[in-house]
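Peer 1:
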Amino acid sequence: MATENADRNERRLVAAGWLFLVGSAVHLTDHLRRGQTSVTDALYIVGTAGVVVQAVVITLILVRHRIAPLLAAGAGFSLSLGFAAAHWLPTWSSLSDSFIDHHVSAFSVVASLLEIAGGVAVGVMGTVVYWNRPVDVRA
């Protein structure tokens, strides 16, 4: 039974990884569609670093690397928080691309929410898999 649950949770983490991949691709497409000048230089640099982290985490999830759940838990929640702060708060710094203060297309809204949902799903499932793994007590 425990192995069944662990396998199911691993599959859910992989599914969350695919959701995050799709959300990331759609969000990147939206930024390309809107143009590089749609964000500040600071947000461009931080966003690019975020994409690198996403690519590493998603790759490790999809190849089922042993460290993937831990990285997914940390990066999924952190990245989602960053995406939400950048897009869903009023302009607060050079790291803002506020959808609240500016009119954006429905595509931009869906792209942002899809990436945030993917990050949260990765964070949740990474946490579940990590905390429910059997502990190897051999020294």
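Throughout, the working numbering is defined as the position within the sequence shown, counted from one, plus 3. Every residue gets a Cβ at the ideal spot worked out from N, C-alpha and C, and that includes glycine.
Rounded to whole angstroms, what is the Cα-Cα separation between I119 and V49?
Peer 2: Each residue's Cα considered, the two are about 16 angstroms apart.
Peer 1: Measure the beta-carbon distance from V17 to I64 and round it to whole angstroms, keeping in mind my assumption that it falls under 8 angstroms.
Peer 2: 6 angstroms
Peer 1: Could you give the first and the last residue of the continuous alpha helix (DSSP H) run that contains F86?
Peer 2: A71 to W91
Peer 1: On the premise that V42 lies in contact with A114, defined as a C-beta separation below 8 angstroms, what is that separation, rounded to the nearest angstrom?
Peer 2: At roughly 14 angstroms, the Cβ-Cβ gap does not stay under 8 angstroms, so A114 and V42 are not in contact.
Peer 1: Check each candidate in V107, F86, A78 and A109 and name the one with the smallest Cα separation from L98.
Peer 2: Check the Cα spacing between L98 and each of V107, F86, A78 and A109: the tightest is with F86.
Peer 1: Can you list the alpha helix (DSSP H) stretches of 4 or more residues lying completely in the stretch 15-43, in chain order?
Peer 2: none
Peer 1: Taking 6 angstroms as the limit between beta carbons, can you name the residues of its chain near R15, skipping five residues before and five after?
Peer 2: M128
Peer 1: Within 10 Å of its beta-carbon, does G53 have 16 or more other beta-carbons around it, so buried, or fewer, so exposed?
Peer 2: buried
Peer 1: Would N135 and A9 be called neighbours here (beta carbons separated by less than 8 angstroms)?
Peer 2: yes
Peer 1: Looking only at its own chain, which residues have a Cβ that is under 7 angstroms from the Cβ of P93, when we skip the five neighbours before and after it?
Peer 2: S101, I103 and D104
Peer 1: Hey, would you say the C-beta of G79 is under 7 angstroms away from at least one heavy atom of the ligand FMN?
Peer 2: This structure simply doesn't include the ligand FMN, nor any ligand for that matter.
Peer 1: Assuming the contact rule is C-beta atoms closer than 8 angstroms, Q57 and Y47 should be a hit. Round their C-beta distance to whole Å, please.
Peer 2: For Q57 against Y47, the beta-carbon gap comes to about 15 angstroms, at or over 8 angstroms, which does not count as contact.
Peer 1: Would you call V2 buried or exposed, if buried means 16 or more other Cβ atoms sit within 10 Å of its Cβ?
Peer 2: Nothing can be reported for residue 2: it is not among the residues displayed for the chain, which extend from 4 to 142.
Peer 1: How close, in whole Å, do the beta carbons of G147 and G79 come, if the pair is a contact with beta carbons under 8 angstroms?
Peer 2: Any answer about residue 147 is impossible in this case: the structure gives the chain only from 4 up to 142.
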